[in-house]
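Comments concern the structure below.
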Ligand SMILES: Cc1cc2nc3c(=O)[nH]c(=O)nc-3n(C[C@H](O)[C@H](O)[C@H](O)COP(=O)(O)OP(=O)(O)OC[C@H]3O[C@@H](n4cnc5c(N)ncnc54)[C@H](O)[C@@H]3O)c2cc1C
Ligand code: SF4
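What follows is the structure, encoded as structure tokens:
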């Protein structure tokens with residue numbers, strides 16, 4: 050029986066982050082472990098409110114009150130079991146999820162302090178490692194059926210693990226040189242150290258999942274070859290088509306890059322250094338990726354922009370501006386606009402924002418300024434108002450508000466336009482819809498029979514928790530398609546949307 054008064058005795062507390070000067074001198078994670086005393090205290094704040102809205106906030110349906118109480122009572126092994134019943138990779142979500150569950154926590158009503166659900170989750174995930182490691186589950190007798198998973202991000206990996214545990218032979222195809230999708234080279238080490246991925250991959254391999262890296266499906270192997278070798282195919286290729294701004298004068302200048310080009314290259318340097326390998330520290334056009342001593346301008350306000358900010362500081366940037374088209378959001382939930390338990394529009398500050406840099410809201414770039422040699426030297430911005438008319442976004446510059454910011458390096462982190470246009474799509478007979486995503490039927494099959502889709506490729510650029518949830522659900526559909534015995538867990542259907550005020 051949970052403690053009904055815990056939240057009256059204890060305030061919400063998170064572990065202290067490592068000091069800024071220390072953490073920007075390395076690439077290690079920002080948060081140290083919380084310690085057992087703090088985490089049991091915080092789990093005690095969950096009062097098991099009867100109707101756990103946090104379950105609806107979490108796309109995985111994580112059994113949050115159950116494992117909070119198990120942590121409160123020090124029952125760590127059972128907490129590990131309970132958490133893994135719904136989430137294949139809590140070490141990823143516990144570190145990286147923006148925690149829509151916390152926005153839906155009953156303790157947050159009326160501006161209260163929700164339970165630190167995400168922090169409890171990561172501590173349970175790490176306890177699993179500390180208490181004997183991520184042991185492979187025994188898998189049943191082989192079914193004789195085989196599945197190809199294309200793409201090794203959290204969607205593909207969650208599906209692969211579910212299917213292997215049901216006795217199917219699973220091969221994951223990844224065009225990159227390492228498994229993990231955006232977790233591997235998209236998300237910097239200071240948010241997710243890569244040992245967490247490697248540990249999980251060892252578990253999947255021991256459960257029978259085969260990994261084939263350096264294989265671009267549609268180029269190195271054809272769709273027909275894959276269909277001939279496997280009984281079903283899951284496409285989990287992500288939504289990696291970066292949005293650009295070709296119409297902005299000066300876009301072609303040296304030093305103006307897609308954020309992902311810079312970020313991935315920077316993360317590869319860190320990975321290479323960790324392995325003692327030499328790293329290629331230039332982009333494909335020969336530009337050095339180092340921000341050391343440079344004035345950096347990051348355009349965009351989301352995860353990618355914040356990750357670029359953290360990277361720029363660790364590389365020793367002279368100064369960083371982060372530009373956002375929209376006005377500064379409020380600090381607290383506007384209940385008229387976003388009533389509890391929906392996800393509120395509020396100012397989100399990441400640990401990277403404590404590390405320096407200036408955020409500039411309600412501005413748009415008018416021109417990337419040439420230094421006379423084809424290299425960017427500045428960014429001319431104007432204050433703007435933004436409104437929606439007939440579903441279209443209208444951006445209006447305010448006359449006389451223009452000014453120039455110094456810039457040697459400009460990173461475009463203005464979002465993604467869906468999954469990439471690539472040969473694989475045509476070969477499988479699958480189309481991108483108006484959002485650049487691939488539609489799924491209610492059973493997760495695409496227009497092509499026996500070819501399923503999950504994760505960002507289906508949903509558009511989203512979150513790790515959604516990718517895992519969709520990977521699990523698509524695996525359940527594939528298991529049924531293959532005539533597997535029993536049912537696998539399917540936390541979401543393809544039409545499921547985040548909690549919203551209707
Ligand atoms: C910089 C950045 C930071 C982020 N930070 C967060 C965060 O803090 N928290 C959060 O919840 N979410 C975050 N996200 C979003 C999150 O990473 C994604 O939603 C999630 O990774 C999607 O998982 P996925 O498996 O669908 O695809 P991905 O992780 O994108 O993986 C797709 C994989 O498919 C491979 N692939 C594509 N085509 C082929 C092919 N033809 N053959 C073989 N392989 C192929 C790609 O190489 C890639 O490895 C972030 C995203 C970015 C870009
Ligand atoms: S996965 Fe995300 S939404 Fe679900 S319990 Fe963890 S932090 Fe909350």
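Numbering (our numbering), first residue to last: 50 to 551. Yeah, the Cβ is synthetic: ideal placement off N, Cα and C, and Gly gets one too.
**Q.** As assigned by DSSP and simplified to three states, the class of residue 368
**A.** Against the chain shown, residue 368 aligns to sequence position 319. Three-state result, residue 368: strand.
Q.
Looking at ligand 1, does it come within less than 7 Å of residue 230, judged from the CB to the closest heavy atom?
A. Translated into the one-based positions of the chain shown, residue 230 becomes position 181. Yes, since a heavy atom of ligand 1 falls inside the 7 Å radius drawn around the Cβ of residue 230.
Q | Proximity test, residue 353 beta-carbon vs ligand 1 heavy atom, cut-off 7 Å | A | On the chain shown, residue 353 is found 304 positions in, with the first residue counted as 1. Yes, Cβ of residue 353 sits closer than 7 Å to a heavy atom of ligand 1.
(Q) Assuming contact is defined by CB atoms lying nearer than 8 Å, are residue 108 and residue 540 in contact in what I supplied? (A) Here the question's residue 108 lines up with position 59 in the chain shown. Here the question's residue 540 lines up with position 491 in the chain shown. In this structure, residue 540 lies closer than 8 Å to residue 108 by Cβ.
Q.
Quick check on the burial criterion: 16 or more other C-beta atoms within 10 angstroms. Buried or exposed for residue 347?
A. The sequence position of residue 347 within the chain shown is 298, counting from 1. So residue 347 counts as buried.
Q | Spatial distance of residue 153 from residue 527 (CA atoms) | A | For this step, residue 153 is matched to residue 104 along the chain shown. For this step, residue 527 is matched to residue 478 along the chain shown. If I take the Cα positions, the gap works out to 31 Å.
Q. With 16 as the cutoff for other CB atoms within 10 Å, does residue 343 come out buried or exposed?
A. Along the chain shown, read from residue 1 onward, the residue named residue 343 stands at position 294. Buried, by the Cβ-count rule.
Q: Tell me residue 427's beta-bridge partners as DSSP assigns them.
A: Locating residue 427 in the chain shown gives position 378, where the first residue counts as 1. The partner list for residue 427 (beta bridge, DSSP) reads 418 and 455.
Q) Any heavy atom of ligand 1 closer than 7 Å to the CB of residue 511? A) As a working note, residue 511 is residue 462 in the chain shown. Because some heavy atom of ligand 1 lies under 7 Å away, the Cβ of residue 511 counts as near it: yes.
(Q) I'd like to know whether the C-beta atoms of residue 303 and residue 425 end up nearer to each other than 8 Å. (A) As a first step, residue 303 is located in the chain shown; it is residue number 254 there, counting from the start. As a first step, residue 425 is located in the chain shown; it is residue number 376 there, counting from the start. Closer than 8 Å, so yes.
Q) Contact check, residue 286 vs residue 199 under 8 Å by CB: the rounded distance? A) Here residue 286 refers to the residue found at position 237 when the chain shown is read from its first residue. Here residue 199 refers to the residue found at position 150 when the chain shown is read from its first residue. Sure, about 6 Å apart at Cβ, within 8 Å.
Q: Quick one: grab the DSSP three-state call for residue 58.
A: Counting from 1 along the chain shown, the entry for residue 58 is found at position 9. In this structure, residue 58 counts as helix in the three-state DSSP scheme.
Q | Extent of the continuous beta strand (DSSP E) to which residue 549 belongs | A | Here the question's residue 549 lines up with position 500 in the chain shown. No beta strand (DSSP E) contains residue 549, which DSSP labels as neither H nor E.
Q) For residue 165, does the count of other Cβ atoms within 10 angstroms reach 16, so buried, or fall short, so exposed? A) Stepping through the chain shown from its first residue, residue 165 is reached at position 116. With 16 or more Cβ atoms within 10 Å of its Cβ, residue 165 is classed as buried.
Q | Buried versus exposed call for residue 463 [16 or more other C-beta atoms within 10 Å across all chains shown] | A | Translated into the one-based positions of the chain shown, residue 463 becomes position 414. Buried: at least 16 other Cβ atoms inside 10 Å.
Q: Indicate whether residue 465 and residue 233 have their beta-carbon atoms separated by less than 8 Å.
A: The residue labelled residue 465 in the question sits at position 416 within the chain shown. The residue labelled residue 233 in the question sits at position 184 within the chain shown. No. Outside cutoff.
Q. Helix, strand or coil: how does DSSP classify residue 149 here?
A. On the chain shown, residue 149 is found 100 positions in, with the first residue counted as 1. Of the three classes helix, strand and coil, the one that applies to residue 149 here is helix, per DSSP.
Q | Residue from 351, 326, 277 and 275 with nearest C-alpha to residue 308 | A | On the chain shown, residue 308 is found 259 positions in, with the first residue counted as 1. If we check each option's Cα against that of residue 308, 351 comes out closest.
(Q) Bridge partners for residue 494 per DSSP, in chain order? (A) Translated into positions along the chain shown, residue 494 becomes position 445. BP columns for residue 494 point to 501.
Q: Could you spell out where the alpha helix (DSSP H) holding residue 93 opens and where it closes?
A: Your numbering for residue 93 matches position 44 in the chain shown. 85 to 93 is the span of the alpha helix (DSSP H), which, as asked, contains residue 93.
Q | Helix, strand or coil at residue 410 [DSSP, three-state] | A | As a working note, residue 410 is residue 361 in the chain shown. Residue 410: coil per DSSP, three-state reduction.
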